[in-house]
Amino acid sequence: MPEKTDLIGEGKAKKIYATDDPTKLIFYFKDDATAFNAQKKGSIESKGELNLLISARLFRLLESEGIDTHFIEEKNEREMLVERLEIIPIETVVRNIVCGSLQKRTGHPEGEELVRPIVEFYYKSDELGDPMINDDHCLVFDWATHGELEEIRHQAHAVNTVLKPFMAERGILLVDFKLEFGRTHDGRVLLGDEICPDTCRFWDSKTHKKLDKDRFRHDLGDVEGAYQEIARRVTN
Ligand code: ADP
Ligand code: UDP
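Residue numbers (our numbering): 8 to 243.
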């Protein structure tokens with residue numbers, strides 16, 4: 008199995024290492040937490056381990072349901088081996104329930120169930136604050152081809168179709184989530200990055216208690232407890 012070589016990048020939540028196989032990377036999951044485009048910074052105890060545990064479980068689930076992802080295996084409690092991708096600079100958000108920026112943009116109340124899922128695209132740019140974009144922006148600025156956008160939209164819906172009932176069986180509402188896709192060396196569009204309480208909104212089905220990064224964003228307390236609760240339920 009590929010071994011870690013040089014540190015080649017560091018994002019807000021993960022360190023990225025090259026390996027002795029040029030087609031594979033190793034992610035190191037950090038405890039650092041940021042919100043509001045990194046204006047709010049902090050740390051959540053054990054977040055790296057919990058996010059890796061949750062992401063690995065959910066990537067395995069997707070693979071078992073026929074959705075290919077970059078996930079290969081866990082190396083240890085903090086590190087994950089993945090296929091190296093050329094990341095497409097689009098953050099794809101899937102929504103089932105009104106919350107966050109959708110509430111602000113539409114005035115619809117938090118918690119309103121959508122008649123069908125909404126897929127949105129945001130331009131992945133920290134400097135610009137990840138602005139919302141549409142297909143034309145992606146095509147005109149060459150961020151993705153028409154075929155790639157179709158593939159991303161198709162996969163985003165497929166991920167939602169698998170994750171929503173899986174979480175529901177564990178007493179969790181999948182409110183919304185963010186995905187990142189990239190190109191493999193042989194030109195396929197593959198799901199990348201992570202799927203965890205940093206990138207998804209999870210609510211307890213009965214109480215609607217928030218069990219995700221909103222606890223950190225809005226100082227709701229017991230952030231680590233929420234991540235632990237999600238880890239416990241998804242690995243059950
Ligand atoms: P950010 O600061 O963007 O939130 P992270 O700390 O999560 O980033 O670091 C992960 C980085 O690696 C992100 O820029 C993400 O787009 C990128 N990435 C995710 N999956 C892959 C992959 N399989 N290959 C290459 N880059 C990836
Ligand atoms: N999200 C993310 N990274 C971002 C922006 C959003 O992972 O840079 C996730 C967020 O956790 C939520 C979903 O995408 O699950 C939708 O977020 P929204 O647009 O409502 O943004 P926010 O309210 O966080 O500004």
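Glycine residues also receive a C-beta, built at the ideal position from the N, C-alpha and C atoms. Computed from a predicted model, the values in this text were never measured in an experiment.
- For serine 50, the pairing in a beta bridge is given by DSSP as Asp39.
- Only residues of its own chain outside the window of five on either side were considered, and among them Leu68, Leu69, Glu72, Ile74 have a CB closer than 7 Å to the CB of valine 169, listed in chain order.
- By the criterion of a C-beta distance shorter than 7 Å, threonine 206 is surrounded in its chain by Phe184, Lys185, once the five residues flanking it on both sides are discounted.
- Between the C-alpha atoms of glutamate 119 and arginine 102 there is a straight-line separation of about 11 Å.
- The three-state reading of DSSP puts valine 105 in coil, since its state is none of H, G, I, E or B.
- In the DSSP assignment, cysteine 207 falls within the beta strand (DSSP E) that extends over 207 to 211.
- Counting C-beta pairs with one atom in each stretch, the segment 136 to 152 and the segment 73 to 92 have fewer than three that are closer than 8 Å, which means they do not touch.
- Threonine 191 carries a coil assignment under DSSP once its states are collapsed to helix, strand and coil.
- The segment 212 to 224 and the segment 25 to 38 do not touch, with fewer than three beta-carbon pairs separated by less than 8 Å.
- With a beta-carbon spacing of about 7 Å, histidine 164 and proline 124 fall inside the 8 Å limit used to define contacts.
- Chain-ordered, the residues whose CB falls short of 6 Å from any heavy atom of ligand 1 come out as Gly18, Lys19, Ala20, Lys21, Ile23, Leu32, His77, Val89, Glu90, Arg91, Leu92, Ile94, Glu187, Gly189, Gly199, Asp200.
- Cβ-Cβ distances below 6 Å link alanine 233 to Leu218, Arg222 in the same chain, with the five nearest sequence neighbours on each side left out; the list follows chain order.
- For arginine 123, the enclosing beta strand (DSSP E) begins and ends at 120 to 130.
- The bridge partners DSSP lists for alanine 238 come to none.
- Assignment of beta-bridge partners to aspartate 183 by DSSP yields Arg102, Arg208.
- The residues Val101, Arg160, Ala163, in chain order, have a CB closer than 6 Å to that of valine 126 in the same chain once the five nearest residues on each side in sequence are set aside.
- About 6 Å separates the beta carbon of glycine 178 from that of aspartate 211, a gap short enough to meet the 8 Å contact definition.
- Leucine 156 has its alpha-carbon roughly 24 Å from the corresponding atom of threonine 113.
- Leucine 14 and leucine 57 have their C-alpha atoms spaced approximately 22 Å apart.
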